[in-house]
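Chemist: First, the structure itself, so that you have it in front of you.
There are 2 protein chains.
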Amino acid sequence: MKIDPDSTVDLSAQIAKAIRDAIIAGDLIVDQRLPSEAELADHFDVSRPTVREALKRLAAQSLIRTQRGASGGAFVNRLRFEDAYAQQVTTSTLLLSMNAVSFDVACEARYALERACAPLSAQRRTPDQLATMRAEIHRQGQPGLTDEAFCASDVTFHRALVDGAGNKVLSYQLAGAVEAMQPLMNMITFTARSREAIVALHTDIADAVEAQDAPKIDATLVELEAYTRELAHSVVTARAQKAAEKEHKTA
Amino acid sequence: MKIDPDSTVDLSAQIAKAIRDAIIAGDLIVDQRLPSEAELADHFDVSRPTVREALKRLAAQSLIRTQRGASGGAFVNRLRFEDAYAQQVTTSTLLLSMNAVSFDVACEARYALERACAPLSAQRRTPDQLATMRAEIHRQGQPGLTDEAFCASDVTFHRALVDGAGNKVLSYQLAGAVEAMQPLMNMITFTARSREAIVALHTDIADAVEAQDAPKIDATLVELEAYTRELAHSVVTARAQKAAEKEHKTA
DNA sequence: GCCAGATTAAATGTCAGACATTAAAATGTA
DNA sequence: TACATTTTAATGTCTGACATTTAATCTGGC
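Line by line, the protein sequences are chains A and B.
Mapping of the first sequence onto numbering that gives the first Met the number 0: position 196 corresponds to residue 195, and the numbering continues sequentially without gaps.
Mapping of the second sequence onto numbering that gives the first Met the number 0: position 132 corresponds to residue 131, and the numbering continues sequentially without gaps.
See the structure below:
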């Protein structure tokens with residue numbers, strides 16, 4: 000593990016990269032203790048604060064964890080699905096909000112991914128997951144539910160569908176995509192009528208999952224996607240109209 | 000933005016979280032300059048090194064970038080797809096290697112995701128993407144290609160297929176999944192016969208993409224998945240057998 | 001001999017102040 | 001005005017110290 004002190008790149012970034020590469024290459028294995036900060040500083044011929052900045056970078060990626068006290072130190076972290084998942088949601092959310100990813104593109108991606116796990120869910124869904132879907136459908140039908148709560152319930156419903164595939168890797172990828180879209184979904188106002196329509200589609204999906212009817216799940220997801228996009232467009236149109244009116248008044 | 004100095008959590012972690020939350024909430028917008036390190040230290044009532052550790056954490060997540068010199072400082076970063084993509088590959092790769100995710104599970108996830116974009120690719124693939132697929136198929140047929148080069152070409156081929164969907168979000172999600180599987184794929188030895196079979200399947204896929212025949216793409220991907228798993232199993236079986244023989248000799 | 005409590009030691013967490021380096025902005029000059 | 005120089009404000013790095021945490025060790029009493 001070596002760094003180039005003459006590079007224009009931050010020393011702490013270089014050190015972080017060196018250690019990260021060692022972890023990825025398997026030279027440092029899970030739960031192995033890294034040398035102490037003082038030893039690392041010695042090894043790389045830098046000061047302790049610089050080493051610490053490097054370690055914090057790695058900690059931010061959940062690659063290491065640190066323990067204080069005697070026999071403490073930095074340890075290679077076993078990356079857990081939950082950690083990776085939380086990071087992915089953050090990243091995806093920011094990507095969508097910062098890159099002017101249109102609602103249509105995000106929506107298309109989300110439903111494409113979701114449909115990918117439909118056949119597997121049809122095969123493997125557990126009674127537990129089915130129960131979750133039914134419970135969320137029931138919640139979505141209750142009057143007085145805020146738009147935000149409705150969205151949250153929607154996420155839970157779709158996550159249950161995705162988890163039904165019984166594949167951790169898929170759940171990790173898809174749940175991130177679904178959740179990242181929530182801020183966009185939260186912009187939509189769900190009228191009583193649109194909620195009713197969505198609940199009906201959700202019910203169809205749950206029924207199809209229970210009946211292990213993969214093509215039906217797929218078809219209903221297509222319908223749901225179309226309806227979601229329609230709703231989003233009406234919101235956008237309404238806003239544009241409002242803005243135009245305001246503009247007209249000012250002028 | 001406030002922190003709790005009495006918490007057992009690292010101050011730098013708290014500060015990082017406070018700033019990250021502000022970014023996610025939109026209180027800090029893209030390209031906006033954060034206060035200088037000295038000002039932040041003052042605001043949070045901590046020392047500069049502590050602030051710096053917090054900023055390095057955020058930099059590791061590509062949430063901010065820093066510039067030296069007068070009118071330099073830390074700026075909220077516009078998260079680019081490439082950055083997010085690189086991070087996702089790292090994370091996914093480690094997840095697979097550290098969590099004893101079986102080849103089957105990873106493979107199933109990958110092909111499920113890939114099939115999700117097949118219909119879109121059939122519709123939208125550009126001549127450019129088709130050309131890439133053909134070129135990679137040709138390369139895969141050349142004798143003397145190392146297993147690693149074969150795998151790399153395989154990744155490029157599948158990426159072209161995924162990119163054909165013309166959806167950045169999908170590309171981001173899928174390319175990460177495909178690439179993360181490469182270390183697992185690299186364990187497979189591709190015999191001349193198995194390469195031939197894979198090239199044939201790839202050709203079928205390229206033909207179907209060109210003909211915009213979505214169901215055919217789907218079906219071929221299913222075949223390819225089955226074949227890949229078969230290959231992987233034979234490798235695992237061969238290894239187990241070898242290990243058993245060795246064990247037998249020792250005993 | 002063994003256990004509970006006190007002590008020690010080794011590590012990370014934090015601070016203060018200094019200097020080095022960078023790069024934009026301000027200034028001076030032809 | 002155009003160009004070279006100086007200033008300045010920021011990050012990058014270093015040194016050394018102290019605070020805090022925690023496991024291991026030592027110690028005294030039973």
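Every residue, glycine too, gets a C-beta built ideally from N, C-alpha and C.
Only a predicted model underlies this, so the values are computations on that prediction, with no experimental measurement involved.
1) Exposed or buried, what is Ile28(A) when buried is set at 16 or more other beta-carbons lying within 10 Å of its beta-carbon?
2) Could you say if the stretch 102-120 of chain B and the stretch 150-166 of chain B meet the contact criterion of at least three C-beta pairs nearer than 8 angstroms?
3) Residues in its own chain within less than 7 angstroms of Arg133(A) by CB, not counting five upstream and five downstream?
4) Based on Cα-Cα distance, which residue from Leu183(B), Val235(B) and Ile136(B) lies nearest to Lys199(B)?
5) Listing by chain order, which chain B residues have their CB less than 7 angstroms from the CB of Glu244(A)?
6) Short of 8 angstroms Cβ to Cβ, which residues in the stretch 75-103 of chain B face chain A?
7) Taking its Cβ as the centre, do 16 or more other Cβ atoms sit within 10 Å of Asn166(B), making it buried, or is it exposed?
8) How is the beta strand (DSSP E) around Phe74(B) delimited, first residue to last?
9) To the nearest angstrom, how far is the alpha carbon of Gly71(A) from that of Leu54(A)?
10) What are the residues of the stretch 103-128 of chain B that lie near chain A, defined by any Cβ-Cβ distance shorter than 7 angstroms?
11) Taking DSSP's pairing of strands, which residues face Arg32(A) in a bridge?
12) Starting from Ile22(B), follow the alpha helix (DSSP H) in both directions and report where the run begins and ends.
13) Just list the residues that DSSP pairs Arg133(B) with in beta bridges.
14) Within 10 angstroms of the Cβ of Thr188(B), are there 16 or more other Cβ atoms? Answer buried if so, exposed if not.
15) By DSSP, does Arg109(A) sit in helix, in strand, or in coil?
16) Checking 8 angstroms against the spacing of the C-beta atoms, do Leu10(B) and Thr65(B) come in under that value?
17) Could you confirm whether any beta carbon from chain B is found closer than 8 angstroms to the beta carbon of Pro34(A)?
18) So, helix, strand or coil for Thr267(B), using DSSP?
19) With C-beta atoms as the reference, is Cys150(A) less than 8 angstroms away from Met184(A)?
20) Along the beta strand (DSSP E) that carries Ile204(A), what are the first and last residues, could you check?
21) Looking at the C-beta of Pro48(B), does it have a partner C-beta in chain A at a distance below 8 angstroms?
22) So Asn166(B) contacts chain A; which residues on that side make the cut at Cβ distance below 7 angstroms?
23) Where does Gln66(B) sit, in a helix, a strand or coil, going by DSSP?
24) Name the residue from Val104(A), Arg79(A), Lys16(A) and Pro126(A) whose alpha carbon lies nearest to the alpha carbon of Ala210(A).
25) Ala73(A) CB to nearest chain B CB: under 8 angstroms?
26) Taking Cβ positions only, does Ile18(B) come closer than 8 angstroms to chain A?
27) In the structure shown, what three-state DSSP assignment does Met184(B) receive?
28) Gln172(B): buried (16+ other C-beta within 10 angstroms of its C-beta) or exposed?
29) Is the distance from the Cβ of Ser88(B) to the Cβ of Glu178(B) below 8 angstroms?
30) Starting from the beta carbon of Glu52(A), find every residue of chain B whose beta carbon is closer than 7 angstroms, and list them in chain order.
31) Can you find the residues in the same chain that come closer than 6 angstroms, C-beta to C-beta, to Ala32(A), ignoring five residues on each side of it along the sequence?
32) Work out the CA separation of Tyr84(A) and Gly68(B) for me, nearest whole Å.
Modeler: So, from the listed chains and residues:
1) exposed
2) yes
3) Ala205
4) The question names Lys, but residue 199(B) is Ala in the sequence shown. Among Leu183(B), Val235(B) and Ile136(B), the Cα nearest to that of Ala199(B) is on Ile136(B).
5) Correct list: empty, because the minimum Cβ distance to chain B is about 26 angstroms.
6) Arg77, Leu78, Arg79, Phe80, Ala83, Gln86, Gln87, Thr89, Thr90, Ser91, Thr92, Leu93, Leu94, Leu95, Ser96, Met97, Asn98 and Val100
7) buried
8) Gly72 to Val75
9) 14 angstroms
10) Val104, Ala105, Glu107, Ala108, Ala111, Leu112, Arg114, Ala115, Cys116 and Leu119
11) Phe74(A)
12) Leu10 to Ala24
13) BP columns for Arg133(B) are empty, so no partner.
14) exposed
15) helix
16) no
17) no
18) Nothing about residue 267(B) can be read from this structure; chain B reaches only from 0 to 250.
19) yes
20) Ile204(A) -> not in any beta strand (DSSP E); alpha helix (DSSP H) instead, spanning Ala191 to Glu209.
21) yes
22) Val104, Glu107 and Ala108
23) strand
24) Pro126(A)
25) no
26) no
27) helix
28) buried
29) Residue identity differs from the one stated: residue 88(B) is Val in this sequence, not Ser. In this structure, Glu178(B) lies closer than 8 angstroms to Val88(B) by Cβ.
30) Arg51, Glu52 and Lys55
31) Looking at the sequence itself, residue 32(A) is Arg, so the reference to Ala does not match. Closer than 6 angstroms at Cβ, skipping near neighbours: Gly72 and Phe74.
32) 37 angstroms
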